[in-house]
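Inspection log for the structure reproduced underneath, given as structure tokens.
Protein chains: 2
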Amino acid sequence: MTELGRLYGLGIGPGDPELLTLKAHRILTTVPVIAYPISEKGKALARAIVADFIHPEQIEIPMCLPFSVERASQSYYVKAAEKIAEHLKVGRDVGVLCEGEPMLYGTFIYLFQRLSRQFPTEIVPGISSTMASAAMLGVPITYRNDVLSIMPATLDEITLRARLAVADAAIIIKLGRHFAKVYKILDELGLLYRSLYIERATQTHQRILTITEVNATEVSYWSLIMIPSFSLPD
Amino acid sequence: MTELGRLYGLGIGPGDPELLTLKAHRILTTVPVIAYPISEKGKALARAIVADFIHPEQIEIPMCLPFSVERASQSYYVKAAEKIAEHLKVGRDVGVLCEGEPMLYGTFIYLFQRLSRQFPTEIVPGISSTMASAAMLGVPITYRNDVLSIMPATLDEITLRARLAVADAAIIIKLGRHFAKVYKILDELGLLYRSLYIERATQTHQRILTITEVNATEVSYWSLIMIPSFSLPD
Chain A
1075 MTELGRLYGL GIGPGDPELL TLKAHRILTT VPVIAYPISE KGKALARAIV
1125 ADFIHPEQIE IPMCLPFSVE RASQSYYVKA AEKIAEHLKV GRDVGVLCEG
1175 EPMLYGTFIY LFQRLSRQFP TEIVPGISST MASAAMLGVP ITYRNDVLSI
1225 MPATLDEITL RARLAVADAA IIIKLGRHFA KVYKILDELG LLYRSLYIER
1275 ATQTHQRILT ITEVNATEVS YWSLIMIPSF SLPD
Chain B
1075 MTELGRLYGL GIGPGDPELL TLKAHRILTT VPVIAYPISE KGKALARAIV
1125 ADFIHPEQIE IPMCLPFSVE RASQSYYVKA AEKIAEHLKV GRDVGVLCEG
1175 EPMLYGTFIY LFQRLSRQFP TEIVPGISST MASAAMLGVP ITYRNDVLSI
1225 MPATLDEITL RARLAVADAA IIIKLGRHFA KVYKILDELG LLYRSLYIER
1275 ATQTHQRILT ITEVNATEVS YWSLIMIPSF SLPD
């Protein structure tokens, strides 16, 4: 009987290839098979991040995984899980490239749910863009007794406002076309002056803008707003 | 005139030396001076994590930095910042070892506030124990439209209860002697069955316990409770 292959959820960090962990780098460079998401237009951001580490002998599985996990998108995940399972069944380890941290808002979670009961699975944590943004912006996120809330801009206006109203520190992710809604709420709550905007943190095309200068029609999905803790420590 | 040295806040991750990033590893192994916190008993956890990467020629600055940043502790931070500044002034780069992520509840923040206006400073993000715990527990933290709140157990009971009552997913850090208080709140809110307990995630002495089996008098500062998002994704 063939031993089953091992499934790795490889956190590869937010964009700078040097932000891979030693562990993710070791596994990435030794597994026989790698899988990664591609956009509908065929772009493979995760693969691009680690391109220099990939060997020509490695088998590659590009997976078209829609961001929105609606019922209609389920078939994409089923198909991707099946392709990965084919290799695991015959004993080949598969490393799934996950931007940022696999277990935090990651599309990997949907593959994990489908495969981890059947196959030995290991998650390798990665640097989340939420954390890397603090380093790029040069600001502490939170300290002492403060609560940090991480929330997607895709939330409805009422929930977003309620959560932001009580947050000591907040990070609002997945801005994209939701920027104008978020901006309005931050303005109403008097939080604009504490809000920092960053796009594609640590990636080649990283941009940091004053929040009042952001053009709402041009905001990327890969941008976030950070509201650091209010009180500066002594 | 001598060029100033560069201050690095080096995120070294939660405990497993392989969870250093390639960047933190490169800088750690090339800076002439490293600084790290030691406990009042002289224990140096951060140094122990990266012990295999340190060269004998590197100058070491052990810093006694009390966890509680009360007024009485300020002098410790002043003294540590001065010692680091001595090297930066004469052009020596200094890498400060930071467990987890430097900008998230890190004692490094207090050194950063004292030194970053005077000296060129770079933060290298690290894997936070909050993120690594998900990998070790084998559970997704949060997905879709859920809000994740990270909060210290040191908060007063009323604030903790209010924040946990509205959290979709939560991570409660710095448990230590606050475990009993947190447990009571989780029980009252009906959250115990979703609560996962982990101690020293990814470190040699990592322990995962069922929350009802934890002995409240033996809980480490380095333990946390994770309450993952409620709804499992399809």
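As given, the protein sequences belong to chains A and B, one line each in that order. Read in order, the letters of the first sequence correspond to residues 1075 to 1308 in the working numbering. Read in order, the letters of the second sequence correspond to residues 1075 to 1308 in the working numbering. Note that beta-carbon positions come from the ideal geometry of N, C-alpha and C, so glycine has one too. Quantities reported herein were computed from a predicted structural model and do not represent experimental measurements.
Using beta-carbon positions only, say whether Ala1125 of chain B and Pro1111 of chain B come within less than 8 Å of one another.
Contact flag unset, no.
Using beta carbons (cut-off 8 Å, strictly below), is Thr1095 of chain B in contact with chain A?
Yes, Thr1095 of chain B counts as interfacial toward chain A.
Only counting the same chain, and skipping five residues up and downstream in sequence, which positions put a Cβ closer than 6 Å to that of Ile1158 of chain A?
Cβ-Cβ distances below 6 Å link Ile1158 of chain A to Ala1109 and Val1168 in the same chain, with the five nearest sequence neighbours on each side left out; the list follows chain order.
Within 10 angstroms of its Cβ, does Tyr1257 of chain B collect 16 or more other Cβ (buried), or is it exposed?
By the neighbour-count criterion, in which a residue is buried when 16 or more other Cβ atoms sit within 10 angstroms of its Cβ, Tyr1257 of chain B is buried.
Cβ atoms of Ser1223 of chain A and Ala1275 of chain A: under 8 Å apart, would you say?
Contact annotation: Ala1275 of chain A and Ser1223 of chain A have beta-carbon atoms that are not nearer than 8 Å.
Closest residue to Ile1086 of chain A among B:Gly1087, B:Ile1086, B:Thr1095 and B:Lys1115 (Cα-Cα distance)
When only C-alpha atoms are compared, the closest one is B:Thr1095.
Bridge partners of Ser1223 of chain A, per DSSP?
Secondary-structure assignment with DSSP links Ser1223 of chain A through a beta bridge to A:Ala1244 and B:Ser1223.
Rounded to a whole number of angstroms, what is the C-alpha to C-alpha distance between Leu1263 of chain A and Ala1236 of chain A?
A straight-line Cα-Cα distance of about 10 Å links Leu1263 of chain A and Ala1236 of chain A.
Among A:Thr1286, A:Trp1296 and A:Lys1153, which has the Cα closest to the Cα of Met1137 of chain A?
Nearest C-alpha to Met1137 of chain A: A:Lys1153.
Output, in chain order, the set of chain A residues within a Cβ distance shorter than 9 Å of Ala1208 of chain B.
Going along chain A in sequence order, the residues near Ala1208 of chain B (Cβ under 9 Å) are Glu1175, Pro1176, Met1177, Leu1178, Ile1197 and Pro1199.
What does Tyr1271 of chain A pair with, by DSSP beta-bridge criteria?
Looking at the DSSP output, Tyr1271 of chain A sits in a beta bridge with A:Leu1283 and A:Ile1299.
Quick check on Tyr1267 of chain A: buried or exposed, where buried means 16 or more other Cβ atoms within 10 Å of its Cβ?
By the C-beta density criterion, Tyr1267 of chain A is exposed, having fewer than 16 other C-beta atoms within 10 angstroms.
Leu1287 of chain A burial status per 10 Å Cβ neighbour count (16 or more: buried):
This sequence places Glu at residue 1287 of chain A; Leu is not what is there. By the Cβ-count criterion, Glu1287 of chain A is exposed, with fewer than 16 other Cβ atoms from all chains shown falling within 10 Å of its own Cβ.
Using a Cβ-Cβ distance cut-off of 8 Å, determine whether Leu1185 of chain B contacts chain A.
Proximity of Leu1185 of chain B to chain A, defined by a Cβ-Cβ separation below 8 Å, is not satisfied.
Just to make sure I have the definition right: I need the residues of chain A whose C-beta is within less than 8 Å of the C-beta of Gly1212 of chain B. Which are they?
Contacts between Gly1212 of chain B and chain A, judged by CB atoms closer than 8 Å, involve Ser1190, Thr1195 and Ile1197 in chain order.
Paired residues, beta bridge with Gly1085 of chain A - DSSP
Under the DSSP definition of a beta bridge, Gly1085 of chain A partners with A:Cys1172.
Distance cutoff 8 Å, beta carbons only. Does Leu1171 of chain A sit that close to anything in chain B?
Closer than 8 Å: no.
Starting from Thr1317 of chain B, follow the alpha helix (DSSP H) in both directions and report where the run begins and ends.
No information on residue 1317 of chain B is available, as it lies outside the stretch 1075 to 1308 that chain B covers here.
Once the 5 residues before and after Leu1211 of chain B are set aside, which same chain residues still bring their CB inside 7 Å of it?
Annotation for Leu1211 of chain B: Leu1270, Ile1272, Ile1282 and Met1300 place their beta carbon closer than 7 Å to its own, counting only its chain and skipping 5 residues before and after.
Are the C-beta of Pro1226 of chain A and some C-beta of chain B separated by less than 8 Å?
Closer than 8 Å: yes.
If you count every other CB in all the chains shown that lies within 10 Å of the CB of Ala1254 of chain B, and 16 or more means buried, which is it?
With fewer than 16 neighbouring CB atoms inside 10 Å of its own CB, Ala1254 of chain B falls in the exposed class.
Between the C-alpha atoms of Ile1245 of chain A and Thr1204 of chain A, what's the straight-line distance to the nearest angstrom?
Straight-line measurement puts the Cα of Thr1204 of chain A at about 7 Å from the Cα of Ile1245 of chain A.
Leaving aside the five residues before and after Gln1277 of chain A along the sequence, list all residues of the same chain whose C-beta is less than 6 Å from its C-beta, in chain order.
The answer, listed in chain order, is Gly1089.
Distance cutoff 8 Å, beta carbons only. Does Glu1156 of chain B sit that close to anything in chain A?
No - not a single Cβ of chain A is within 8 Å of the one on Glu1156 of chain B.
What are the uninterrupted segments assigned as alpha helix (DSSP H) that are 4 or more residues long and contained completely in the region 1075 to 1162 of chain A, given in chain order?
As far as the region 1075 to 1162 of chain A is concerned, its whole alpha helix (DSSP H) runs of at least 4 residues are 1096 to 1102 and 1119 to 1123.
According to DSSP, simplified to helix, strand and coil, what is Thr1278 of chain B?
Correct three-state label for Thr1278 of chain B: coil.
Under the DSSP definition of a beta bridge, which residues are partnered with Thr1309 of chain B?
No statement about residue 1309 of chain B is possible, as the shown extent of chain B runs from 1075 to 1308 and does not include it.
Which residues does DSSP pair with Thr1216 of chain A in a beta bridge?
Its beta-bridge partners are B:Leu1178.
In the structure shown, what three-state DSSP assignment does Val1256 of chain B receive?
Val1256 of chain B falls in the helix class under three-state DSSP.
Cβ of Tyr1271 of chain A less than 8 Å from any chain B Cβ?
Chain B has no Cβ within less than 8 Å of the Cβ of Tyr1271 of chain A.
Reference Ile1101 of chain B; option with closest CA among B:Ile1128, B:Lys1115 and B:Glu1092:
Taking the Cα of Ile1101 of chain B as reference, the smallest distance to any Cα among B:Ile1128, B:Lys1115 and B:Glu1092 is reached at B:Ile1128.
Does DSSP put Gln1192 of chain B in a helix, in a strand, or in coil?
In the three-state reduction of the DSSP assignment, Gln1192 of chain B falls in the coil class, being assigned neither a helical nor a strand state.
Could you name the residues of chain B that Ile1215 of chain A contacts, counting a contact when the two beta carbons are closer than 7 Å?
Within chain B, the residues placing a beta-carbon under 7 Å from that of Ile1215 of chain A are Met1177 and Leu1178, ordered along the chain.
Using a Cβ cut-off of 7 Å, pull out every chain A residue sitting near His1099 of chain B, in sequence order please.
Close to His1099 of chain B, with beta-carbon spacing below 7 Å, are these residues of chain A in chain order: Leu1096.
Run through DSSP, which three-state label would Ser1305 of chain B get?
Residue state, collapsed to three classes: coil.
Using a Cβ-Cβ cut-off of 8 Å, state whether Arg1237 of chain B counts as contacting chain A.
Yes, because at least one Cβ of chain A sits closer than 8 Å to the Cβ of Arg1237 of chain B.
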